[in-house]
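2 protein chains.
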Amino acid sequence: MAKNLTRSPLAPAEFPALPVIEGVTFAAAAAGVKYAGRTDVMMAMLAPGSTVAGVFTRSATRSANVLDCQAKIGGDSDAGAAIVVNSGNSNAFTGKAGDGSVAAICNAVAMATGLPAARVFSSSTGVIGEPLPHDRIIAKIEELMGAQDETALGAAAKAIMTTDTFPKGATRSVEIGGKPVQIAGIAKGSGMIAPDMATMLVYIFTDAKVARADLQALVSRINDWTFNCITVDSDTSTSDTLLMGATGASGVMVTADNAEFEAALFDVMLDLAHQVVRDGEGATKFVTVTVTGALTDADARTHALAIANSPLVKTAIAGEDPNWGRIVMAVGKSGAAADRDKLSIRFGDILVAENGWVASTYREELGAAHMKQPEITISVDLGIGLGAATVWTCDLTHGYISINADYRS
Amino acid sequence: MAKNLTRSPLAPAEFPALPVIEGVTFAAAAAGVKYAGRTDVMMAMLAPGSTVAGVFTRSATRSANVLDCQAKIGGDSDAGAAIVVNSGNSNAFTGKAGDGSVAAICNAVAMATGLPAARVFSSSTGVIGEPLPHDRIIAKIEELMGAQDETALGAAAKAIMTTDTFPKGATRSVEIGGKPVQIAGIAKGSGMIAPDMATMLVYIFTDAKVARADLQALVSRINDWTFNCITVDSDTSTSDTLLMGATGASGVMVTADNAEFEAALFDVMLDLAHQVVRDGEGATKFVTVTVTGALTDADARTHALAIANSPLVKTAIAGEDPNWGRIVMAVGKSGAAADRDKLSIRFGDILVAENGWVASTYREELGAAHMKQPEITISVDLGIGLGAATVWTCDLTHGYISINADYRS
């Protein structure tokens, strides 16, 4: 971490007890990529027969690791797989040297494990534009292999943190055909978080047996309604990566249209996405923005993101000010269709505005009381169609400025 | 003003000496719209034969005043014209009552002045969603008419301020066919400032004789390269209005293709636009973002605005941190075309990055020294085309949070 940050007031009470996912093991190590005295590399190893799927940032300046993962992700293989992740340096905008660092790490892991290099996936997160000291990571591969442990997913969650104030994990189990299937995942992220591009770093594992194409279809579909629906600061990372591995160790076959599995995976991904928002840099409020009655779902999302990304809405929430005029402003600027005189606004269950003006039943005290809560709900009904969307965000506080005005220093 | 704000460190040394524009007079009054003890209404009166043009916010939730101005702006008339502006209340999202307030004010001014109501233009700026106490404004019309003064444009500039920390004025004179023509304007604005929609409140006057259609063509064209190229916080006002009146008192005819007049008007509008940025809420740095080498001018503007609106770029500038990686991030997320390995970045004249990585000649001390200046220049060359754009913004500081986390309270 750049500095000792106070644990977010919106953090879950505790890190969840993550189950063993048969067929995958983990280890973390302190390689000193940027800071000494903390774990900053994690390696996951998946058993032969595992499938791997992923979604990635759509940034035009994405990192060398992301480009390498994207080149590898569509391939089928019966070999196992490895995932190596470091924090402290994102290896983004590091030119040809960055490509070289990825190749050096993946080749070294391939050599040490006997895996084909095409089955070694790497991620890097941290500062942009500085050369990745990949030798320090390679020097830890033997230690990481020796320490592989099926219960170390929590340690891996800690090793990938940057400005995160708490490690993020989530798990669900689901019965499919009378047999239990486990899903567990970890994530990191708290700033440079914006949807429409994928996510931050997320690694999810299951012991279900899922064909690669089905796993990819599930992950892509659910991603669009979870990680692609969160925003902390409207800024999109050059490193966003979600990788999911299915080991098949449970023997339970799952296809892309399995509703129980999809529901459980959705829960895990939404849980992790919400934890990223809850650890938004400087966040003191967790905000749900729901837009209904839009012309289309896409329009609803455009409006919801305009609200969720508006600095004036986010600072009003930080100040516990039920300043609904700024929500009107954000709807107005979004560019999507709206009719000033048909939209209504609610804080929680409180009707604030309708018919183009403040509701006759609304009292400022009601809105102010809702704003004092740590969890805020803003609902806007546009009254012109059936489109709907929900996104999640946090407030914009002095803490965000403090963290980001000297992150590198 | 919501509270006593310290004058922006980026403010001009002093308010400019504005010339008399023959054919237009001004007055300001204290109507107590929201706060007592300050002027908060201004009225300008234009002589018969004046033409009026305007550009307005494209917000879907624009104010009742904006809708009324837009309905009136295309009309030709030999009558004079009046412009009435109040601060303290924006009369936006005030439903049918808001339309009624505009009609009440315009009709009262028409009655008192003998002008047709279609020649009375009104603007309101301030809090959204509260009923405009238009009776307080109407009660001041007689006083405003009696105090009309050709030298009172500066007093008008003060009356329209909200969170502005200094009044904004600009002037140029230009010789056309050997005869002098004067242009002078005022503006207000410091938050809820984003381009692509028009501007904040701006009123410009000239004694040139310009046909209405020509005046509109000039204002619209120049607006696109001045007010539409500034952003403080990416949030767009529901009230943005620019009105320009040409009295013709100089006897000098000007058409839309008059290069000297266009250059002078451009200077006035850019000067006012820059002053709005210099008074950006909490601003400590004035930032010029220039993008060249894009596929198209539109792409260049998209990239420039992605940089100028990025909270992470703006907080880095606030922290005087030459964190060019965040500029790479912003270019990457903008959605416009870019090639990671072809873009170069400069701070002032300092080459920071090229060929997909930090420049070999770059030293962090050089970037840090540039960042310590109150005026920062960020130049990005994408290296893939001929498109170019420049936008202006400010940094994002604790001051912005302080101002906006309790503006209404």
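Chains A and B are the protein sequences, given in the same order. Heads up: the first sequence at position 240 corresponds to 240 in UniProt numbering, and the numbers run straight through without jumps. Heads up: the second sequence at position 320 corresponds to 320 in UniProt numbering, and the numbers run straight through without jumps. The C-beta atom is built at its ideal place from N, Cα and C for all residues, glycine as well. In this text, all values refer to a predicted model and were calculated from it rather than measured experimentally.
Cβ pair L265 (chain A), V202 (chain A) closer than 8 Å: no
Neighbour-count burial assignment, K72 (chain B), 16 or more Cβ in a 10 Å radius: buried
Beta-carbon proximity check, I393 (chain A) vs V219 (chain A), cutoff 8 Å: Sequence inspection shows Thr at residue 393 (chain A); the Ile mentioned does not correspond to that position. Cβ distance not < 8 Å, so T393 (chain A) and V219 (chain A) don't count as in contact.
Where Q275 (chain A) falls, given that 16 or more other Cβ within 10 Å makes a residue buried: buried
Alpha-carbon spacing of A11 (chain A) relative to G282 (chain A), whole angstroms: 12 Å
V52 (chain B) (DSSP reduced to helix, strand or coil): strand
Where A2 (chain B) sits in the DSSP three-state scheme: Per-residue confidence for A2 (chain B) stands at a pLDDT of 43, beneath the threshold of 50, marking its modelled position as unreliable; no derived number is given.
L351 (chain A) to I345 (chain A) span [Cα, whole Å]: 6 Å
Reference V380 (chain A), options A:S124, A:G332, A:T290, closest by Cα: A:T290
Distance, F56 (chain A) Cα to Q216 (chain A) Cα: 12 Å
Cβ distance (whole Å) where P374 (chain A) is taken to contact P9 (chain A) below 8 Å: 7 Å
Spatially closest choice to I160 (chain B) from B:K188, B:I83, B:A152, by CA coordinates: B:K188
Chain A contact residues for D233 (chain B), given Cβ-Cβ distances below 8 Å: P311, L312
Residues bridged to D149 (chain B) [DSSP beta-bridge criterion]: B:F26
Start-to-end residues for the beta strand (DSSP E) that takes in A306 (chain A): Element bounds for A306 (chain A): not the beta strand (DSSP E) but the alpha helix (DSSP H), 297-309.
Length of the line joining the Cα atoms of M43 (chain A) and R172 (chain A): 22 Å
For D349 (chain A), the nearest candidate out of A:G367, A:K179, A:E22 (CA to CA): A:G367
Assigned secondary structure, T238 (chain B) (DSSP; H/G/I helix, E/B strand, else coil): coil
Validate contact between the region 127-145 of chain A and the region 85-105 of chain A using beta carbons, cut 8 Å, 3 pairs: yes
In DSSP terms, what P180 (chain A) is bridged to: A:E175
Proximity test, P322 (chain B) beta-carbon vs the ligand FAD heavy atom, cut-off 7 Å: This structure simply doesn't include the ligand FAD, nor any ligand for that matter.
Per-residue DSSP class, three states only, for E375 (chain A): strand
Closest residue to G154 (chain A) among A:G319, A:A273, A:P16, A:V313 (Cα-Cα distance): A:P16
Alpha-carbon to alpha-carbon, E320 (chain B) and R369 (chain B): Arg is not the amino acid found at residue 369 (chain B); the sequence shown has Ala there. Going by the C-alpha atoms only, they are around 9 Å apart.
At least three beta-carbon pairs within less than 8 Å, the region 253-270 of chain B to the region 290-305 of chain B: no
Residue-chain proximity (L396 (chain B), chain A), Cβ-Cβ < 8 Å: yes
V328 (chain A) - containing alpha helix (DSSP H), residue span: 325-333
Endpoints, beta strand (DSSP E) assigned at residue 421 (chain B): Residue numbering for chain B in the displayed model covers 1 to 409; residue 421 (chain B) lies beyond these limits and cannot be assessed.
Positions along the region 209-222 of chain B whose CB lies within less than 9 Å of some CB in chain A: none
Proximity to D76 (chain A) [Cα-Cα], best of A:A263, A:M244, A:G100, A:R119: A:R119
Contacts that R301 (chain A) makes with chain B (C-beta to C-beta distance below 7 Å): Within chain B, no residue comes near R301 (chain A); the closest Cβ sits about 15 Å away, beyond 7 Å.
Cβ-based burial, L305 (chain A) [other Cβ within 10 Å; buried from 16]: buried
Cβ-Cβ distance between F205 (chain B) and I21 (chain B) below 8 Å: yes
Bridge partners - E130 (chain B), DSSP secondary structure assignment: Answer by DSSP bridge pairing: none, since E130 (chain B) is not bridged.
R346 (chain A) - DSSP class collapsed to helix/strand/coil: strand
G29 (chain A) versus A:P48, A:K140, A:Q70, A:A60, residue with shortest Cα-Cα distance: Correcting the residue type first, residue 29 (chain A) is Ala in the shown sequence and not Gly. Out of A:P48, A:K140, A:Q70, A:A60, A:K140 has the C-alpha closest to the C-alpha of A29 (chain A).
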